[in-house]
Amino acid sequence: MDDQPTLTATRIEAGRLLLRKGRDDDGEGLIETQTDERVRRFLGGPRAQAEVRATVATVGAATLLVADGCYIAADRESDDMLGVVTLSPRDPELPGHVSEGGGELELSYVFRARAWGKGYATEACRALLRCAAEQLADQPIVIVTQTANLAALRLADRLGFAQLGTFEQFDAEQVLASARLGTFLPQ
Ligand SMILES: CC(C)(COP(=O)(O)OP(=O)(O)OC[C@H]1O[C@@H](n2cnc3c(N)ncnc32)[C@H](O)[C@@H]1OP(=O)(O)O)[C@@H](O)C(=O)NCCC(=O)NCCS
Numbered sequence: 001m002d003d004q005p006t007l008t009a010t011r012i013e014a015g016r017l018l019l020r021k022g023r024d025d026d027g028e029g030l031i032e033t034q035t036d037e038r039v040r041r042f043l044g045g046p047r048a049q050a051e052v053r054a055t056v057a058t059v060g061a062a063t064l065l066v067a068d069g070c071y072i073a074a075d076r077e078s079d080d081m082l083g084v085v086t087l088s089p090r091d092p093e094l095p096g097h098v099s100e101g102g103g104e105l106e107l108s109y110v111f112r113a114r115a116w117g118k119g120y121a122t123e124a125c126r127a128l129l130r131c132a133a134e135q136l137a138d139q140p141i142v143i144v145t146q147t148a149n150l151a152a153l154r155l156a157d158r159l160g161f162a163q164l165g166t167f168e169q170f171d172a173e174q175v176l177a178s179a180r181l182g183t184f185l186p187q
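Printed below as a string of structure tokens:
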């Protein structure tokens with residue numbers, strides 16, 4: 001799946017949220033998602049606050065979040081960053097693929113702890129996948145998350161992803177889940 005087309009939208013309407021590209025004033029939100037123990041529990045643990053703060057100050061949050069397919073999920077009213085949703089090719093060198101050769105688009109989601117339990121992540125992911133389904137060819141999308149990450153698995157399930165199996169990565173059991181992009185087109 002080389003030279004795969006990527007999402008070109010810069011703003012995506014998402015119900016109570018707006019998906020937009022990252023800005024430098026998302027710095028505090030980005031630092032929180034990298035350093036909060038609760039958020040990083042299944043993502044390798046919290047990163048050192050001073051290190052992350054220095055990187056954000058030097059490089060800038062907008063640059064750190066600039067990758068194709070990476071969107072800030074912002075509160076529609078306040079425009080505050082609630083989380084980050086990303087749809088980008090999974091590294092073919094990593095385990096966890098459904099296509100020969102790998103490189104499938106992988107959905108990932110990370111929200112600030114204060115934004116959990118409100119349905120925001122479901123809303124943001126559905127909007128991102130719908131936009132991708134309207135722009136890109138039908139293809140399998142994957143989610144990879146630790147078996148122990150029950151909130152992430154419930155979210156994958158709500159979105160309609162089927163669990164295909166498990167594998168080991170980062171010394172933990174991971175679930176591979178997949179859905180066809182075409183299923184997110186508006187009915
Ligand atoms: C994974 C993660 C985004 C899930 O967040 P979440 O808040 O559970 O998911 P949603 O925003 O979709 O909210 C759904 C929950 O809100 C509840 N809810 C409350 N009000 C709601 C509303 N108005 N609409 C929909 N759901 C609502 C739902 O019942 C559901 O609760 P449940 O899972 O206990 O049944 C979050 O746990 C997280 O950021 N974790 C850290 C990062 C991480 O591990 N990411 C996974 C890597 S891929």
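Counting from 1, position 142 in the sequence shown corresponds to residue 142 in the UniProt record's numbering; the numbering is continuous, with no gaps. All C-beta atoms in this analysis are idealised placements derived from N, C-alpha and C, irrespective of residue type, glycine included. Note that the structure is predicted; figures quoted are calculated from it, not measured.
DSSP on residue i, reduced to helix/strand/coil?
{"i": "Leu-185", "result": "coil"}
{"i": "Leu-17", "result": "strand"}
{"i": "Val-77", "result": "In the sequence as displayed, the identity of residue 77 is Glu instead of Val. In this structure, Glu-77 counts as coil in the three-state DSSP scheme."}
{"i": "Ala-67", "result": "coil"}
{"i": "Val-52", "result": "helix"}
{"i": "Ala-179", "result": "strand"}
{"i": "Leu-82", "result": "strand"}
{"i": "Asp-2", "result": "Because the pLDDT at Asp-2 is just 48, under 50, the model does not fix this residue reliably, and the value given afterwards should be weighed accordingly. Here Asp-2 sits in coil by DSSP."}
{"i": "Arg-11", "result": "strand"}
{"i": "Ser-37", "result": "Correcting the residue identity first, residue 37 is Glu in this sequence and not Ser. Note: Glu-37 maps to coil in three-state DSSP."}
{"i": "Glu-28", "result": "helix"}
Please return the same chain residues whose Cβ sits closer than 6 angstroms to the Cβ of residue i, not counting the five positions on each side in sequence.
{"i": "Asp-158", "result": "Per the sequence shown, residue 158 should be read as Arg rather than Asp. Same-chain partners within the cutoff: Thr-122."}
{"i": "Met-1", "result": "Reliability of the predicted coordinates at Met-1 is poor, the pLDDT of 45 falling under 50, and the value obtained from them is presented with this limitation in mind. Within the same chain, Met-1 has close Cβ partners Gly-103."}
{"i": "residue 209", "result": "Since the displayed the chain opens at 1 and closes at 187, residue 209 lies outside it and no answer follows."}
{"i": "Leu-107", "result": "Leu-87, Ile-141, Ile-143"}
With a CB to CB cut of under 8 angstroms and the five nearest residues on each side skipped, what residues in its chain are close to residue i?
{"i": "Thr-185", "result": "In the sequence as displayed, the identity of residue 185 is Leu instead of Thr. Only Arg-130, Ala-133, Glu-134 meet the Cβ criterion."}
{"i": "Ala-67", "result": "Thr-86, Ser-88"}
{"i": "Arg-112", "result": "Gly-29, Glu-32, Thr-33, Asp-36, Val-39, Met-81, Leu-82, Gly-83"}
{"i": "Cys-125", "result": "Val-85, Leu-107, Tyr-109, Leu-155, Leu-159"}
Could you spell out where the beta strand (DSSP E) holding residue i opens and where it closes?
{"i": "Gly-165", "result": "162 to 169"}
{"i": "Glu-104", "result": "Glu-104 -> no beta strand (DSSP E), and no H or E assigned at all."}
{"i": "Arg-154", "result": "Arg-154 -> not in any beta strand (DSSP E); alpha helix (DSSP H) instead, spanning 150 to 159."}
{"i": "Thr-145", "result": "140 to 146"}
The alpha helix (DSSP H) with residue i in it runs from where to where?
{"i": "residue 189", "result": "In this structure the chain extends from 1 to 187, so residue 189 is not present and cannot be described."}
{"i": "Gly-45", "result": "Unbroken run through Gly-45: none, as it is neither H nor E."}
Spatial neighbours of residue i within its chain, please: CB distance less than 7 angstroms, with the 5 preceding and 5 following residues excluded, ordered by chain position.
{"i": "Pro-92", "result": "Gly-101, Gly-102, Gly-103"}
{"i": "Ser-178", "result": "Val-98, Pro-140, Ile-141, Val-142, Phe-161, Ala-162, Leu-164"}
{"i": "Gly-27", "result": "Val-56, Ala-61"}
{"i": "Leu-18", "result": "Arg-11, Ala-74, Arg-76"}
{"i": "Leu-153", "result": "Thr-145, Val-175"}
Can you tell me whether residue i sits near ligand 3, meaning its C-beta is under 7 angstroms from at least one heavy atom of the ligand?
{"i": "Thr-147", "result": "This structure lacks ligand 3; its bound ligands are ligand 1."}
Inset, instruction - Check whether the stretch 162 to 180 touches the stretch 136 to 151, taking contact to mean three or more Cβ pairs, one atom from each stretch, closer than 8 angstroms. - result: yes
Legend entry - Inter-stretch contact at 8 angstroms, needing at least 3 Cβ pairs: the stretch 6 to 13 / the stretch 41 to 52: no
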